[in-house]
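Asker: Sharing a structure below in structure tokens format, with a few things to ask.
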Amino acid sequence: MAVAALRLTAVTELLDLPRPESGVLLAEVDWTARRAAHQARVDGWLAGHRERRSRGRSHPVEDFLFEYYNQRPYQLRRWHPGPGVVLAGPAAAELLSWRGYVEVEAGVTLDTSAVLASRAATVRWVRDLLTATAGRAGYFGCFGLHEWAMVYRQSADELRHPGWPLRMPAEAVAAVVEERGVRCGHVDAFRFFTPAARPLNLLQPTRADQTALEQPGCLHANMDLYKWTYKLSPLVPSDLVADAFALAREIRELDMRASPYDFTALGLEPVAVETPEGRAAYATAQRQFAARSAPLRQRLLDVLDPLLAG
-7 MAVAALRLTA
3 VTELLDLPRP
13 ESGVLLAEVD
23 WTARRAAHQA
33 RVDGWLAGHR
43 ERRSRGRSHP
53 VEDFLFEYYN
63 QRPYQLRRWH
73 PGPGVVLAGP
83 AAAELLSWRG
93 YVEVEAGVTL
103 DTSAVLASRA
113 ATVRWVRDLL
123 TATAGRAGYF
133 GCFGLHEWAM
143 VYRQSADELR
153 HPGWPLRMPA
163 EAVAAVVEER
173 GVRCGHVDAF
183 RFFTPAARPL
193 NLLQPTRADQ
203 TALEQPGCLH
213 ANMDLYKWTY
223 KLSPLVPSDL
233 VADAFALARE
243 IRELDMRASP
253 YDFTALGLEP
263 VAVETPEGRA
273 AYATAQRQFA
283 ARSAPLRQRL
293 LDVLDPLLAG
């Protein structure tokens, strides 16, 4: 048990190690330890998800990222070093069975040029979106009412989370939406608005104007940093993917606490955005998440910009 504990401690400590720079050769003992640390971190997120899935249950926060986004658990668990890192030792041969990896004299590395050749347009689009988002001031006056617009004028059997009650009668939910109005510029939140709620949104976002509308105060834009990291994998190192996933889980919790659903049975106390106090609390948390998301966005840009400049 003591040996196992020491190993776990060593693996956990590796999470704090700096990422290897591009062009670095990692010895097998180093990169396999980094891989183990990544897998241990992800396994902590997966344990509850797998247990609930075996029982046909779903958690609106902890399982959401696996259900809404199309990154599968095994893909999140797979460790990629990122561009320009050479992995030494016999164990690196495993990566040769994965798309994009090649053998070089010193070991195994990602063939960045080959991967980029088929994905340059996506990389450029994401880079442009992130650059535009980072260059704008955040908007902190939406108060999470996108979640309210997703249940506006719905019957109980139409709700996206039918196993969970609303915190108030449906008419009261509708009154909040109608009295406060909605100002949501995120296209992937807007597409889940009920038909009756869509005309009430001050903005009518489309995919075509996503780059023009996305802003760094938006919870969904900041959760989507996870989406952009995994969609561009293996060009993006797995430590960045995992960091984005971890932050997205926290953001999702605020998203649900500010919704009209009652998740107190899960230990999620409501952020009552229908009240002045709740709106103030939401805006404060939103600003904090925006501040924490900005470095992640920049880290992703620091990966993408050199790829497009090369």
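Counting in the numbering used here, the sequence shown runs from -7 upward without gaps.
All C-beta atoms in this analysis are idealised placements derived from N, C-alpha and C, irrespective of residue type, glycine included.
#1: From which residue to which residue does the beta strand (DSSP E) around Thr186 run?
#2: What first and last residue would you give for the beta strand (DSSP E) that runs through Glu95?
#3: Can you tell me which of Asp254, Phe135, Gly15 puts its alpha carbon nearest to the alpha carbon of Val77?
#4: Closest by CA to Ser285, which one among Leu227, Leu211, Arg159?
#5: Restricting to Cα atoms, I'd like to know which of Glu206, Pro262, Asp201, Glu150 is closest to Pro187.
#6: Taking DSSP as the reference, what is the three-state secondary structure of Val21?
#7: Rounded to whole angstroms, how far is the Cβ of Thr203 from the Cβ of Val179, which I believe are closer than 8 Å?
#8: Judging by CA-CA distance, which residue of Gly209, Pro208, Ala181 is the nearest neighbour of Gln196?
#9: Quick one: is Gly127 buried, meaning 16 or more other Cβ sit within 10 Å of its Cβ, or exposed?
#10: Using the C-alpha atoms, what's the distance from Val21 back to Val263?
#11: Whole-angstrom Cβ separation of Gln207 and Gly177, contact assumed at under 8 Å?
#12: Is the beta carbon of Leu217 closer than 9 Å to that of Leu292?
#13: Does the beta-carbon of Ala(-4) have 16 or more other beta-carbons within 10 angstroms, so that it is buried, or is it exposed?
#14: Just to confirm my understanding: we take Thr106, look at its own chain, exclude 5 residues before and 5 after, and list those with CB closer than 7 Å. What are they?
#15: Only counting the same chain, and skipping five residues up and downstream in sequence, which positions put a Cβ closer than 8 Å to that of Asp254?
#16: Could one say the Cβ of Met248 lies closer than 9 Å to chain B's Cβ atoms, at least one of them?
#17: Expressed to the nearest angstrom, what Euclidean distance is found between the alpha-carbon atoms of Pro252 and Val168?
#18: How would you call Ala39, buried or exposed, if buried means at least 16 neighbouring beta carbons within 10 angstroms?
#19: Output the boundary residues of the alpha helix (DSSP H) element that contains Gly270.
#20: In the DSSP assignment, what are the bridge partners of Asn193?
#21: Taking all protein chains shown into account, do 16 or more other C-beta atoms lie within 10 angstroms of the C-beta of Asp247, making it buried, or fewer, making it exposed?
#22: Would you list the residues sitting across from Gly99 in a DSSP beta bridge?
Answerer: On the basis of the coordinates in this document:
#1: Unbroken run through Thr186: none, as it is neither H nor E.
#2: From DSSP, the beta strand (DSSP E) with Glu95 extends over 93 to 96.
#3: Nearest of Asp254, Phe135, Gly15 to Val77, Cα basis: Gly15.
#4: For Ser285, the closest C-alpha among the options Leu227, Leu211, Arg159 is that of Leu211.
#5: Selected option, being the one with the closest Cα: Glu150.
#6: Helix at Val21.
#7: A Cβ-Cβ separation of about 11 Å leaves Thr203 out of contact with Val179 under the 8 Å criterion.
#8: Per the Cα distances, Ala181.
#9: By the neighbour-count rule (16 or more Cβ atoms within 10 Å), Gly127 is not buried but exposed.
#10: As the crow flies, the alpha-carbon of Val263 is around 46 Å from that of Val21.
#11: Confirmed, Cβ separation roughly 7 Å.
#12: Using a Cβ distance threshold of 9 Å, Leu292 and Leu217 count as a contacting pair.
#13: Low per-residue confidence applies at Ala(-4): pLDDT is 34, beneath 50, and the placement is therefore not dependable enough to give any value.
#14: The residue you asked about is not Thr; residue 106 is Ala in the sequence shown. Contacts found: Gly92.
#15: Excluding sequence neighbours, Asp254 sits near Trp156, Pro157, Leu158, Arg159, Pro262.
#16: As a matter of chain content, chain B is missing from the structure shown, which is built from one protein chain.
#17: Our two residues, Pro252 and Val168, have alpha carbons roughly 10 Å apart in a direct line.
#18: Counting of Cβ neighbours within 10 angstroms places Ala39 among the exposed residues, the total staying below 16.
#19: Counting along the chain, the alpha helix (DSSP H) containing Gly270 begins and ends at 268 to 301.
#20: Paired residues: Val174.
#21: Buried, because 16 or more other Cβ atoms sit within 10 Å of the Cβ of Asp247.
#22: Checking the DSSP bridge columns, you'll see Gly99 partnered with Val96.
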